[in-house]
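Contents: one structure, followed by commentary.
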Amino acid sequence: MINEAIKEKLRTAVGPENVLDKDLDRFGYSYDSSFIPLLPANSPELVVRPLTTAEVSAVMAIAHEHGIPVTARGAASGRTGGSIPVKGGISLSLDRMTKIIELDERNMMVTAEAGVRTIDLYNHCAAKGLFYPPDPASWKMSTIGGNVAENAGGMRAVKYGVTSNYVMGLEVVLADGRVITTGGKAIKNVTGYNLTSLFTGSEGTLGIITKVLLRLIPMPKARNTLQLMFPSLDDACATIHGMLQAGVVPASAELMDKMSIQAVARHRKMDIDPAIEACVIIEVDGEDEAALAKQAGQIKQIARGFAVAEVRIAASPKEADDIWAIRRGLSSAVGAMAPTRLGEDISVPRDAFPEVVRRIKKISEKYNLPIAVYGHAGDGNLHPSVLCDLQNPEEAERVHKAVDEIFAAALAVGGTLSGEHGIGMTKRRYIADALGEDGVVALKAVKQAFDPKGILNPDKIW
Amino acid sequence: MTTNNTRDLLKEVKDIVTQCDRCGTCLTVCPLFDVKDIEASSARGKNNIARAVAEGGFPADAGVLEATNFCLLCRTCIDNCPSKVKTDEAMIALRQYIADRAGGPGVKYSALGVMMKKRNLVKLSAGALKVVRKLGLGGLVPFGMAPTPFTREQYLSRFAGPAALAGEAPVTRATVGGDAKVAYFQGCGMRMMFPEAVADTLAVLGAVTAPRQVDNVCCGLPHLAHGLREDFLALAKENISLFADADVVVSDCASCAGTLKHIGAYFAGDDAWREKAEAFSAKIMSLSEYLVKAGYKPRQRSAAKMTFHEPCHLGRGQGIKKEPRQLLSAAGEYVEMAGADTCCGGAGSFHTDYPEVAAAILEKKRVNIEKTGADIVVSECPVCLAQLNKAAQKSGGRFKVMHISQVL
Ligand SMILES: Cc1cc2nc3c(=O)[nH]c(=O)nc-3n(C[C@H](O)[C@H](O)[C@H](O)COP(=O)(O)OP(=O)(O)OC[C@H]3O[C@@H](n4cnc5c(N)ncnc54)[C@H](O)[C@@H]3O)c2cc1C
Ligand code: SF4
Ligand code: SF4
Numbered sequence: 001m002i003n004e005a006i007k008e009k010l011r012t013a014v015g016p017e018n019v020l021d022k023d024l025d026r027f028g029y030s031y032d033s034s035f036i037p038l039l040p041a042n043s044p045e046l047v048v049r050p051l052t053t054a055e056v057s058a059v060m061a062i063a064h065e066h067g068i069p070v071t072a073r074g075a076a077s078g079r080t081g082g083s084i085p086v087k088g089g090i091s092l093s094l095d096r097m098t099k100i101i102e103l104d105e106r107n108m109m110v111t112a113e114a115g116v117r118t119i120d121l122y123n124h125c126a127a128k129g130l131f132y133p134p135d136p137a138s139w140k141m142s143t144i145g146g147n148v149a150e151n152a153g154g155m156r157a158v159k160y161g162v163t164s165n166y167v168m169g170l171e172v173v174l175a176d177g178r179v180i181t182t183g184g185k186a187i188k189n190v191t192g193y194n195l196t197s198l199f200t201g202s203e204g205t206l207g208i209i210t211k212v213l214l215r216l217i218p219m220p221k222a223r224n225t226l227q228l229m230f231p232s233l234d235d236a237c238a239t240i241h242g243m244l245q246a247g248v249v250p251a252s253a254e255l256m257d258k259m260s261i262q263a264v265a266r267h268r269k270m271d272i273d274p275a276i277e278a279c280v281i282i283e284v285d286g287e288d289e290a291a292l293a294k295q296a297g298q299i300k301q302i303a304r305g306f307a308v309a310e311v312r313i314a315a316s317p318k319e320a321d322d323i324w325a326i327r328r329g330l331s332s333a334v335g336a337m338a339p340t341r342l343g344e345d346i347s348v349p350r351d352a353f354p355e356v357v358r359r360i361k362k363i364s365e366k367y368n369l370p371i372a373v374y375g376h377a378g379d380g381n382l383h384p385s386v387l388c389d390l391q392n393p394e395e396a397e398r399v400h401k402a403v404d405e406i407f408a409a410a411l412a413v414g415g416t417l418s419g420e421h422g423i424g425m426t427k428r429r430y431i432a433d434a435l436g437e438d439g440v441v442a443l444k445a446v447k448q449a450f451d452p453k454g455i456l457n458p459d460k461i462w
Numbered sequence: 001m002t003t004n005n006t007r008d009l010l011k012e013v014k015d016i017v018t019q020c021d022r023c024g025t026c027l028t029v030c031p032l033f034d035v036k037d038i039e040a041s042s043a044r045g046k047n048n049i050a051r052a053v054a055e056g057g058f059p060a061d062a063g064v065l066e067a068t069n070f071c072l073l074c075r076t077c078i079d080n081c082p083s084k085v086k087t088d089e090a091m092i093a094l095r096q097y098i099a100d101r102a103g104g105p106g107v108k109y110s111a112l113g114v115m116m117k118k119r120n121l122v123k124l125s126a127g128a129l130k131v132v133r134k135l136g137l138g139g140l141v142p143f144g145m146a147p148t149p150f151t152r153e154q155y156l157s158r159f160a161g162p163a164a165l166a167g168e169a170p171v172t173r174a175t176v177g178g179d180a181k182v183a184y185f186q187g188c189g190m191r192m193m194f195p196e197a198v199a200d201t202l203a204v205l206g207a208v209t210a211p212r213q214v215d216n217v218c219c220g221l222p223h224l225a226h227g228l229r230e231d232f233l234a235l236a237k238e239n240i241s242l243f244a245d246a247d248v249v250v251s252d253c254a255s256c257a258g259t260l261k262h263i264g265a266y267f268a269g270d271d272a273w274r275e276k277a278e279a280f281s282a283k284i285m286s287l288s289e290y291l292v293k294a295g296y297k298p299r300q301r302s303a304a305k306m307t308f309h310e311p312c313h314l315g316r317g318q319g320i321k322k323e324p325r326q327l328l329s330a331a332g333e334y335v336e337m338a339g340a341d342t343c344c345g346g347a348g349s350f351h352t353d354y355p356e357v358a359a360a361i362l363e364k365k366r367v368n369i370e371k372t373g374a375d376i377v378v379s380e381c382p383v384c385l386a387q388l389n390k391a392a393q394k395s396g397g398r399f400k401v402m403h404i405s406q407v408l
């Protein structure tokens, strides 16, 4: 319980206008973009919205002194319940810390506060010809702090990697309010343990990230899009392997299975041959048009070797947009097919992609639940989407069993529970399966060292 | 939206809001969240409050009503929502649910609804003012910026939210041929507030056709927006009959055109009126839509620099976006403003219920207008024009506000 005296201290720390305590206002900070039921509401006792690192530090010092749980929150676009304050306490919303502090063009690095939206950061850098590649599909709304806390990935991961590949340093407020900085602008840095990596992907359980220092690369000058249709999923996957082995690394390579393709076709009123089992959308980028044409030619050649039915190379930016619209419209098209869409996020070694898709199809048949599969084939990250009605208890039961088996299938082929959405609340039950008991003990030791009172985002990850 | 049965309303709300994936895309586009950035301001926030109410998590009390009222019904969220969650319909249904439980839409809306049906009152703003004063509504006149006494237009701007109508209007099927009989639908707002613009509309129309003038009645939007559906239907029938032998009906008010285009859908279950209503809706056109189809060329090309404020009811409501811009480009130097399609903040009773927020929204619009360096901001809706006029005043005359017919 946060008593009135503590509330008053918190109001003094951040200004009364940055504290919300009305029922309906608190309710707004009780959910995120996961499938955790809305009710009973996991409302925080108080929403606190600091504007500076010093304020975050003051809030943490108060919380630490009184043993109040603190759950960090960016935009609550997380898919695994990470920002849900399950234990009540404070929802520490960083969304008002929105300053881009420095764009260091010579070192090609940018420093930003945690609440900056990913797209704003991208645009700010792009205006100077600098490229921040990680592009989670939620980049319009998610915060850079949330991206770092989840180690978010995106479509471009196959060529450019995920958030952690760009994080050079962080400013973090520790559980008791002390402030540390990790890493820095030096490219080479092996001074002590790599705390930057440790905090990246820590889901708000080790400290509050207040600032991030990110590495940038030059903006590719040209890009183009290809759409490949295959009568067989295996051939689609084989084409992607063939490409990568031949040294043609696309900026992204997105795969959609038949159910996903047909969902989009229905949604967008298009006709797509029912014999098509897989669609791959590829983006290539490079120095100039000639470089693009060369890559496109190579890809076409390789795809022919794997019985591709149709290769479409965008002839204009408009056509490229049309092709991407298919991928971008996918999530809602699939979502429109059922009352609930339980979108999961698993990641497997690239060569296990067809195998795990086959296993998922079997699970789909076994539980009589449609499961659409799509994902970032280039990096082995898939999003099986179970189409169901979770309001129906009998069906919900089957769904949970199917999801259990999907995770088991991922682990069985050497994969993992999450490619990019994190563990949060929704995957806690499986973590020991993925890491082993000793692995969990090791992680807990880290948690204990940083957060001895267990106030930071309790009940997450394990 | 089609029933007053309290239980069904809640189900209707639930069916809509359970589609929300809580992704948060709407947070980045909602004009209200932009000025008051707490979750409950956004579509995600309101939809989930509504969902909690429908699932028994919160009582439908004054706090919930307050949250649902805090919506411009501008539909920007829906345009950007991957799941196309109809936040506006959910909010209207929940408002209605709460109002019904309190025993009707309230004296204020019922009495004004009656007044609005009287054609002579529609024409006499002074008379309307008296009635309004009698009803004790004088205090609702916006703070000192009403250019005339309380007019029907102001009534409209106050009591009809931009999106009492479900979804985008159907596409007009009418053809604009040489011998098509064209009639002008004169909206109440235009009649009361902008008679000069009405004259210009008629002049512009006169260049391509011989527009027939009909003594039409109110389009019924205010009635529809506030639970006076029967009145809306009665007005609709009258208009349908009045325009029976026109091939095309043109309105220079985005809200009227949008409303009239929807009438067909409201008579779907009425065997006697269905066909007539559908035929009526199919011949409605917005002014710029008609002019482009008729190949209208502006009377002059002026040296003025113009920008366009896109009314919610025109762009999102009817999908008419290209046409006004095309006409303006032909009439002068056209510059697009940032956020041209963002609601101006007038939005029904919103600007009297939340004057500070509405002013903050309008303030952003003013800054965007000034950034274009335009001499004139043009629009195609009297409600927007009235609201934009406040911005023009604040700008100290840096730009003027005009109806599109006045510059063509
Ligand atoms: C439509 C949609 C598409 C998506 N696509 C992708 C995708 O392609 N790739 C991908 O990886 N993810 C994706 N996501 C998931 C989600 O957007 C990411 O996990 C994102 O990084 C979350 O950012 P956020 O600001 O919303 O964080 P939140 O959801 O608010 O928080 C996420 C976690 O981070 C913690 N946290 C937030 N900010 C801080 C901070 N400053 N310090 C410490 N901890 C913090 C929270 O406590 C929580 O545990 C998608 C989500 C949606 C809804
Ligand atoms: S954009 Fe749509 S689905 Fe996403 S949170 Fe808003 S209303 Fe819900
Ligand atoms: S209708 Fe407009 S004001 Fe209402 S939630 Fe949607 S975007 Fe916001």
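Protein sequences appear in the order of chains A and B.
For the record, in the first sequence the residue sitting at position 288 is 288 according to the UniProt record's numbering, with numbers rising by one throughout.
For the record, in the second sequence the residue sitting at position 100 is 100 according to the UniProt record's numbering, with numbers rising by one throughout.
All residues carry an ideal CB built from backbone N, CA and C; glycine is no exception.
For clarity, every value in this text was computed on a predicted model and none was experimentally measured.
_Neighbour list for A/G335 in chain B, Cβ cutoff strictly below 9 angstroms_ = For the purposes of this step, residue 335 of chain A is taken as the residue at position 335 of the first sequence. Near A/G335 (Cβ distances below 9 angstroms), the residues of chain B are Q19, D21, P82 and S83.
*Hey, does residue 409 of chain B have any beta-carbon neighbour from chain A nearer than 9 angstroms?*
Past the edges of chain B, shown from 1 to 408, lies residue 409 of chain B, and the structure says nothing about it.
_Reduced DSSP secondary structure (H/G/I, E/B, other) of A/L233_ = Here residue 233 of chain A refers to the residue found at position 233 when the first sequence is read from its first residue. Note: A/L233 maps to helix in three-state DSSP.
*Taking the alpha-carbon positions, what's the B/M192 to B/K394 distance?*
Counting from one through the second sequence, the residue named residue 192 of chain B turns up at place 192. Counting from one through the second sequence, the residue named residue 394 of chain B turns up at place 394. In a straight line, the C-alpha of B/M192 is about 23 angstroms away from that of B/K394.
*Pick from A/N151, A/R156, A/N123 and A/A149: whose alpha carbon is nearest that of A/K140?*
What you label residue 140 of chain A is simply residue 140 of the first sequence in a count that begins at 1. When each option's Cα is compared against that of A/K140, the closest is A/N123.
_Give me the chain A residues within the contact set of B/I49, using Cβ-Cβ distance strictly less than 7 angstroms, ordered along the chain._
Taking the first residue of the second sequence as 1, we reach residue 49 of chain B at position 49. The contacting residues are L24 and F27.
*Could you tell me if the beta carbon of B/D21 falls within a distance shorter than 8 angstroms of some heavy atom in ligand 2?*
On the second sequence, residue 21 of chain B is found 21 positions in, with the first residue counted as 1. B/D21: yes, Cβ under 8 angstroms from ligand 2.
*At a cut-off of 8 angstroms, is B/S83 close to ligand 2 when judged by its beta-carbon and the heavy atoms of the ligand?*
Here residue 83 of chain B corresponds to residue number 83 of the second sequence, with the count starting at 1. Flag set: Cβ of B/S83 near ligand 2.
*Mind checking which residues open and close the beta strand (DSSP E) that includes B/P382?*
Here residue 382 of chain B refers to the residue found at position 382 of the second sequence. It is not in any beta strand (DSSP E) - B/P382 instead sits in the alpha helix (DSSP H) that spans P382 to K394.
*Given that a residue counts as buried once 16 or more other Cβ atoms are within 10 Å of its Cβ, and exposed if not, what is A/Y166?*
For this step, residue 166 of chain A is matched to residue 166 along the first sequence. Buried is the call here.
*Assuming A/E420 and A/G153 make a contact with CB atoms under 8 angstroms, what is their CB distance in whole Å?*
Residue numbering aside, residue 420 of chain A sits at position 420 when the first sequence is read from its first letter. Residue numbering aside, residue 153 of chain A sits at position 153 when the first sequence is read from its first letter. Confirmed, about 4 angstroms.
*Which partner residues of A/D285 appear in the DSSP bridge assignment?*
On the first sequence, residue 285 of chain A is found 285 positions in, with the first residue counted as 1. Answer is A/R223, bridged to A/D285.
*Alpha carbon to alpha carbon, how far is A/V386 from A/A402?*
Mapped onto the first sequence, residue 386 of chain A falls at position 386. Mapped onto the first sequence, residue 402 of chain A falls at position 402. Roughly 9 angstroms separates the two Cα atoms.
*Hey, could you find the ends of the alpha helix (DSSP H) B/L235 is sitting in?*
Working through the second sequence from its first residue, we reach residue 235 of chain B at position 235. R229 to L242 is the span of the alpha helix (DSSP H), which, as asked, contains B/L235.
*What is the DSSP secondary structure of residue 529 of chain A, reduced to helix, strand or coil?*
Here chain A comprises residues numbered 1 to 462, so residue 529 of chain A is not present and cannot be evaluated.
*At a CB-CB cut-off below 7 angstroms, which residues of chain B make contact with A/K140?*
Here residue 140 of chain A corresponds to residue number 140 of the first sequence, with the count starting at 1. In chain order: T25 and T28.
*Given a cut-off of 9 angstroms, decide if B/L235 and B/C219 are closer than it, judged by their beta-carbon atoms.*
The count along the second sequence starts at 1 and reaches residue 219 of chain B at position 219. The count along the second sequence starts at 1 and reaches residue 235 of chain B at position 235. Result yes, Cβ atoms of B/C219 and B/L235 sit closer than 9 angstroms.
*Inter-residue Cα distance where the pair is B/D375 and B/G396*: Residue numbering aside, residue 375 of chain B sits at position 375 when the second sequence is read from its first letter. Residue numbering aside, residue 396 of chain B sits at position 396 when the second sequence is read from its first letter. Their backbone Cα atoms lie some 12 angstroms apart in a straight line.
*Name the residues in the region 57 to 70 of chain B whose C-beta lies less than 9 angstroms from a C-beta of chain A; which are they?*
G57, F58, G63, V64, E66 and A67
*Opening and closing residue of the alpha helix (DSSP H) in which A/V328 lies*: Position 328 of the first sequence, counted from the start, is the residue given in the question as residue 328 of chain A. One detail in the question is off: residue 328 of chain A reads as Arg in this sequence, not Val. Note, A/R328: alpha helix (DSSP H), P317 to R328.
_I'd like to confirm something about B/H351: is its beta-carbon nearer than 8 angstroms to some heavy atom of ligand 1, or not?_
The residue given as residue 351 of chain B occupies position 351 in the second sequence. No; taking the cut-off as 8 angstroms, the Cβ of B/H351 has no heavy atom of ligand 1 nearer than that.
*asked:* For B/I284, count the other beta carbons within 10 Å of its own beta carbon; 16 or more makes it buried, fewer makes it exposed. Which is it?
replied: Here residue 284 of chain B corresponds to residue number 284 of the second sequence, with the count starting at 1. When all chains shown are included, B/I284 counts as buried.
*For B/G45, return the contacting residues in chain A, with the cut-off set at a CB-CB distance below 7 angstroms.*
Within the second sequence, the letter at position 45 stands for residue 45 of chain B. Per Cβ cutoff of 7 angstroms: G28.
*Give a yes or no on whether the minimum CB-CB distance between B/E55 and chain A is below 9 angstroms.*
Reading the second sequence from its first residue, position 55 is the one you call residue 55 of chain B. Output row for B/E55: interface = yes.
*In three-state terms, what does DSSP make of A/D104?*
Sequence index remark: in the first sequence, residue 104 of chain A carries index 104 (1-based). Residue state, collapsed to three classes: strand.
*asked:* Quick check on the burial criterion: 16 or more other C-beta atoms within 10 angstroms. Buried or exposed for B/A392?
replied: Residue 392 of chain B sits at position 392 when you count from the first residue of the second sequence. Buried, because 16 or more other Cβ atoms sit within 10 Å of the Cβ of B/A392.
*For A/A333, I'd like the list of residues in its chain whose CB is within less than 6 angstroms of its CB, leaving aside the five on either flank, ordered along the chain.*
As a first step, residue 333 of chain A must be located in the first sequence, where it is residue number 333. These residues qualify, in order along the chain: A263, V264 and H267.
*With burial defined as no fewer than 16 other Cβ atoms inside 10 Å of the residue's Cβ, what is the status of A/I406: buried or exposed?*
Residue numbering aside, residue 406 of chain A sits at position 406 when the first sequence is read from its first letter. Its Cβ being crowded by 16 or more others within 10 Å, A/I406 is buried.
*Note down, in chain order, each residue of its chain lying with its Cβ closer than 8 angstroms to the Cβ of B/C30, except the 5 sequence neighbours on either side.*
Here residue 30 of chain B refers to the residue found at position 30 when the second sequence is read from its first residue. Within the same chain, B/C30 has close Cβ partners S41, S42, A43, T76 and C77.
*asked:* On the DSSP letters alone, give me the boundaries of the beta strand (DSSP E) that A/A253 sits inside.
replied: If you number the first sequence from 1, residue 253 of chain A lands on position 253. Note, A/A253: beta strand (DSSP E), S252 to D257.
*So B/A183 packs on B/V204, CB below 8 angstroms; how close in whole Å?*
Start at 1 with the first residue of the second sequence, and residue 183 of chain B comes out as number 183. Start at 1 with the first residue of the second sequence, and residue 204 of chain B comes out as number 204. Actually they do not touch by this definition, with Cβ atoms about 15 angstroms apart.
*Taking 8 angstroms as the cut-off, is the CB of A/M141 close to at least one heavy atom of ligand 1?*
For the purposes of this step, residue 141 of chain A is identified with residue 141 of the first sequence, where counting begins at 1. Within the cutoff, so yes.
_If contacts are defined as beta-carbon pairs under 8 angstroms, then B/Y290 and B/A207 qualify, I think. What distance do you get, rounded to the angstrom?_
Translated into the one-based positions of the second sequence, residue 290 of chain B becomes position 290. Translated into the one-based positions of the second sequence, residue 207 of chain B becomes position 207. Not a contact, Cβ separation roughly 12 angstroms.
*asked:* At a cut-off of 8 angstroms, would you count B/P211 as near ligand 1, judging by its Cβ distance to the nearest heavy atom?
replied: Translated into the one-based positions of the second sequence, residue 211 of chain B becomes position 211. Checking the Cβ of B/P211 against ligand 1 gives no.
*What is the rounded straight-line gap between the Cα of A/R156 and the Cα of B/A90?*
The sequence position of residue 156 of chain A within the first sequence is 156, counting from 1. The sequence position of residue 90 of chain B within the second sequence is 90, counting from 1. If I take the Cα positions, the gap works out to 37 angstroms.
*Report all residues from its chain with a CB closer than 7 angstroms to the CB of A/I434; omit the five preceding and five following residues, and keep chain order.*
Translated into positions along the first sequence, residue 434 of chain A becomes position 434. Reading the sequence as shown, one finds Ala at residue 434 of chain A and not Ile. L411, T416 and L417.
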